[in-house]
Amino acid sequence: MKLRTLAAPLILSLALTSCGTNGEGGAQQPGASTAQPSAFQNSPAGSNAAVESPANAPENGATPATEETPAGGAQAETGVVNVSGLAGTEAPASSAGNPAMTGSTDTAAAGGAAGSSATSAATFHVFLLLGQSNMAGYAKAQDADKVKNDRIRVLGFDACAETGRQKDQWDVAVPPLHECWNSAVGPGDWFSKTLIDVLPAGDTIGLVPCAISGERIETFLKVGGTQYDMIVRRARAAQQAGGVIDGILFHQGESNNGDPSWPGKVSTLVTDLRTDLGLGTVPFLAGELAYDGNAKGHNVLVNQLPGLITNGFVVSAMGLALDPADTQWHLHFGHDETVTFGKRYAQKMIEVLGL
Numbered sequence: 002m003k004l005r006t007l008a009a010p011l012i013l014s015l016a017l018t019s020c021g022t023n024g025e026g027g028a029q030q031p032g033a034s035t036a037q038p039s040a041f042q043n044s045p046a047g048s049n050a051a052v053e054s055p056a057n058a059p060e061n062g063a064t065p066a067t068e069e070t071p072a073g074g075a076q077a078e079t080g081v082v083n084v085s086g087l088a089g090t091e092a093p094a095s096s097a098g099n100p101a102m103t104g105s106t107d108t109a110a111a112g113g114a115a116g117s118s119a120t121s122a123a124t125f126h127v128f129l130l131l132g133q134s135n136m137a138g139y140a141k142a143q144d145a146d147k148v149k150n151d152r153i154r155v156l157g158f159d160a161c162a163e164t165g166r167q168k169d170q171w172d173v174a175v176p177p178l179h180e181c182w183n184s185a186v187g188p189g190d191w192f193s194k195t196l197i198d199v200l201p202a203g204d205t206i207g208l209v210p211c212a213i214s215g216e217r218i219e220t221f222l223k224v225g226g227t228q229y230d231m232i233v234r235r236a237r238a239a240q241q242a243g244g245v246i247d248g249i250l251f252h253q254g255e256s257n258n259g260d261p262s263w264p265g266k267v268s269t270l271v272t273d274l275r276t277d278l279g280l281g282t283v284p285f286l287a288g289e290l291a292y293d294g295n296a297k298g299h300n301v302l303v304n305q306l307p308g309l310i311t312n313g314f315v316v317s318a319m320g321l322a323l324d325p326a327d328t329q330w331h332l333h334f335g336h337d338e339t340v341t342f343g344k345r346y347a348q349k350m351i352e353v354l355g356l
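Numbered per our numbering, the sequence shown spans residues 2 to 356.
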């Protein structure tokens, strides 16, 4: 299937032309300015953060295999990403004029000298990362995981001294993508490293991490949850930065182990996100839980999801062992297994998108 691109609103095009911009913020062309139009500035650091529970917070056993959250549970986010009046507006799919690509050394497919009227056909492919600790990552990232590719960006999850990343600002995607303190590699890292190799040379990837360790599915629901608005806010920020949301990666269930209502709640979450973000039936990929973990029986419910969610698929965890360091909860994948899992997510997305 062909990936979707979005046409820029006429008013945005005129505004950019009148300001003398030439697709700033995307991959810089020879002689092109790196200044950014104010409409695409990142929000300042310090917007209200969610209270994330640690990836290695105490878990409460196998039924459910609950990761303990801080007292009071996760708090709803109220911070707003500043896109200067573009709320609710989808910006061009091209990386041109895109704050997500600020500082990228990649050359756009349709470039030119400053003042050129050529329009890049490149697409900024965005993927949402949803779930709990196995999506956020448990095993520590290694040097090979931290090799940078300027075509892969991430919307900052929190302020991170290790990477210099700021919350709600775009940066080159290296682990940790989620909680800074844990320095973990997650499936999103090698998902993007694998997918980028099959995309056109001018295209870029944007990751929007939204997983919170230890949380039940109810935390993320539109009705009754505290984190649904956080997901939507960050997803819209990616759209307003010129991104096209091409898929949702999901790994959750340990904290709902064996709950028969879980598949229906996941389906409701996906339906609400697709509706509120205007996503149609973008692919939804759900990963299985560890086959030798305390929540392995939940995979029966994970495999019900494709029957409930249109364009929904399951990514197998067969053969993926637990991290030897996880001696307390017996739920989390090891480093190499997380890398393999990310590649499996990518291969499934490549298959589904027809790349």
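No residue lacks a Cβ here, since even glycine has one placed at the ideal position from N, Cα and C. Here the structure is a predicted model, which means the values were calculated and not measured.
Mind checking residue i: buried by the 16 CB within 10 Å criterion, or exposed?
i    : result
V245 : buried
E255 : buried
Q193 : Checking the sequence shown, residue 193 turns out to be Ser, not Gln. S193 is buried by the Cβ-count criterion.
T276 : exposed
K349 : buried
A28  : Any answer about A28 is weak, because its pLDDT of 36 lies below 50 and its placement is not dependable; what the coordinates show is given next. When all chains shown are included, A28 counts as buried.
T35  : Confidence in T35 is poor, its pLDDT being 34 and thus under 50, which makes the residue's placement unreliable; the coordinate value appears in the next sentence. T35 should be labelled exposed.
V155 : buried
V127 : buried
V301 : exposed
V148 : exposed
Can you tell which of the options has the C-alpha that lies nearest to the C-alpha of residue i?
i    : options                : result
D337 : D327, A322, G226       : A322
H331 : T339, G313, D293       : D293
D172 : A123, G265, L208, K194 : L208
G248 : I206, T339, Y229, R234 : I206
A357 : Q167, P176, M136       : No answer is possible for residue 357: it lies beyond the span of the chain, which begins at 2 and ends at 356.
Y229 : A242, I213, E352, A239 : I213
Q329 : V127, F128, Y139, I153 : Y139
A137 : V233, L250, Q170, A160 : L250
V340 : H126, Q143, F125, F128 : Q143
L280 : L306, A185, V233, E180 : V233
P201 : F125, Q240, V301, I310 : F125
H252 : A239, G243, A296, Q240 : A296
P188 : V224, K141, A239       : K141
S262 : L306, A236, R237, C211 : L306
R235 : S184, C181, P210       : P210
L278 : A242, R237, D159, A174 : R237
L274 : N183, V224, G243       : V224
Which same chain residues, not among the five before or five after residue i, have their C-beta less than 7 Å away from its C-beta?
i    : result
G320 : none
V303 : G254, A287, E289, L290, V315
P325 : G335
G157 : R166, Q167, K168, D169, Q170, D172
D190 : D146, P176, L178, G343
I197 : N150, R152, I153, I206
L222 : Y229, K266, T269, L270
State the start and end residues of the unbroken alpha helix (DSSP H) segment that holds residue i.
i    : result
F192 : 188-196
W171 : That residue, W171, is in no alpha helix (DSSP H); its beta strand (DSSP E) goes 171-173.
L354 : 336-354
V267 : 263-278
G1   : An answer regarding residue 1 cannot be provided, because it is not within the stretch 2 to 356 covered by the chain.
Where does the unbroken beta strand (DSSP E) through residue i begin, and where does it stop?
i    : result
R154 : 153-156
A369 : This structure gives no information on residue 369, because the portion of the chain shown stretches from 2 to 356.
H126 : 125-132
T205 : 205-210
I218 : That residue, I218, is in no beta strand (DSSP E); it is neither H nor E in DSSP.
D247 : 244-252
V301 : From DSSP, V301 is part of no beta strand (DSSP E) but of the alpha helix (DSSP H) over 300-303.
G226 : Per DSSP, G226 belongs to no beta strand (DSSP E) and is neither H nor E.
V199 : Premise fails: V199 is in no beta strand (DSSP E) and is neither H nor E.
G259 : No beta strand (DSSP E) contains G259, which DSSP labels as neither H nor E.
G313 : 313-316
Identify, in the order they occur along the chain, each residue of the same chain with its Cβ nearer than 8 Å to the Cβ of residue i, setting aside the five sequence neighbours on each side.
i    : result
G298 : N258, G259
N312 : T282, V283, P284, F285, V353
V199 : I351, L356
G226 : E219, T220
L357 : Nothing can be reported for residue 357: it is not among the residues displayed for the chain, which extend from 2 to 356.
In chain order, what residues of the same chain lie with their CB nearer than 6 Å to the CB of residue i, ignoring the 5 residues before and after it?
i    : result
M195 : Looking at the sequence shown, residue 195 is not Met but Thr. Closer than 6 Å at Cβ, skipping near neighbours: K344, A347.
D327 : H333
C161 : C181
Below 6 Å, is the gap between the Cβ of residue i and the nearest heavy atom of the ligand ADP?
i    : result
I153 : Looking for the ligand ADP in the displayed structure turns up nothing, as the structure carries no ligands at all.
Three or more C-beta pairs below 8 Å linking the stretch 213-225 and the stretch 264-283: Judged by Cβ distances under 8 Å, the stretch 213-225 makes contact with the stretch 264-283, as three or more pairs qualify.
Three CB pairs or more closer than 8 Å across the stretch 300-318 and the stretch 334-350: Under the three-pair Cβ rule at 8 Å, the stretch 300-318 counts as touching the stretch 334-350.
At least three beta-carbon pairs within less than 8 Å, the stretch 161-172 to the stretch 126-136: The stretch 161-172, when compared against the stretch 126-136, does not touch it at the 8 Å Cβ threshold.
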